[in-house]
């Protein structure tokens, strides 16, 4: 593997990463092979071994690329959220905007969800993917904490993990159904626990009452 030290080399390397990320989204890890990536990127077959130490290295870079694309979309969504006190339903809807996406039966959105959970499961077996997933997860936690604070909700790290686990479980269960509605299922599950895992911050009047 040779580092892409020239602008042309870096463009080729990024084209290979983007091509691998597309294949991951379309067909999962089995779809990412040296030949399929090179063909998708319209580059010579040898370029995949020229710019990457191994297929695993290329896959890890593709996973990071895909994760960062999703995080960028989440950041834009968080940037649209005003800071005000929100009830359980409004807060849950914002959280699901980040973790699940919009309502409806969009096959593209469903494919993206499936790919995301495939990456998470694969990271349990592959150390090089685990490191990438941990970095992506840390950034996701920051975005979730931000949107909860903008909704006047208390944020505690251990409860943040519980919140994500509730959504993950509901989404994975929904994706196995004949007529999957992951957002609807996740919404019902999260509404039951949101005031426990991310309770509203005490209002000023509440603080005074506790002192009486």
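Numbering (full-length UniProt numbering), first residue to last: 1 to 212.
Glycine included, each C-beta is placed from N, C-alpha and C at the ideal position.
Here the structure is a predicted model, which is why all the values come from computation and not from measurement.
Inter-residue Cα distance where the pair is residue i and residue j
i, j, result
"residue 205", "residue 90", "Bear in mind that the predicted position of residue 205 carries a pLDDT of just 43, short of 50, making it unreliable; the figure below should be weighed with that in mind. Roughly 22 Å between the two C-alpha positions."
"residue 9", "residue 16", "11 Å"
"residue 212", "residue 200", "Caution is warranted here: a pLDDT of 31 is assigned to residue 212, below 50, making its placement in the model unreliable, and the coordinate value is therefore given only provisionally. Computed Cα separation, rounded: 21 Å."
"residue 186", "residue 168", "8 Å"
"residue 22", "residue 176", "23 Å"
"residue 190", "residue 92", "7 Å"
"residue 149", "residue 173", "29 Å"
"residue 48", "residue 156", "43 Å"
"residue 202", "residue 158", "20 Å"
"residue 29", "residue 125", "13 Å"
CB contact flag (residue i, residue j, <8 Å)
i, j, result
"residue 163", "residue 198", "yes"
"residue 136", "residue 94", "no"
"residue 129", "residue 122", "yes"
"residue 132", "residue 64", "yes"
"residue 58", "residue 20", "yes"
"residue 111", "residue 25", "yes"
"residue 113", "residue 69", "no"
Opening and closing residue of the alpha helix (DSSP H) in which residue i lies
i, result
"residue 90", "88 to 99"
"residue 195", "194 to 197"
"residue 156", "Taken as a continuous stretch (DSSP letters only), residue 156 belongs to no alpha helix (DSSP H), as it is neither H nor E."
"residue 66", "55 to 79"
"residue 200", "From DSSP, residue 200 is part of no alpha helix (DSSP H); its letter is neither H nor E."
Discussion item. Using 8 Å as the cut-off, can you tell me whether the stretch 137 to 151 makes contact with the stretch 48 to 60, which would need three or more C-beta pairs spanning the two stretches below that distance?
Written reply: no
Worksheet item: Are the stretch 99 to 114 and the stretch 173 to 192 in contact at 8 Å, needing three or more beta carbon pairs?
Response: yes
Worksheet entry | Cβ pair count under 8 Å reaching 3, the stretch 41 to 50 against the stretch 66 to 85 | no
Worksheet item: For the stretch 105 to 150, which segments carrying the alpha helix (DSSP H) assignment without a break, of at least 4 residues, lie completely within its bounds, in sequence order?
Response: 107 to 123, 127 to 149
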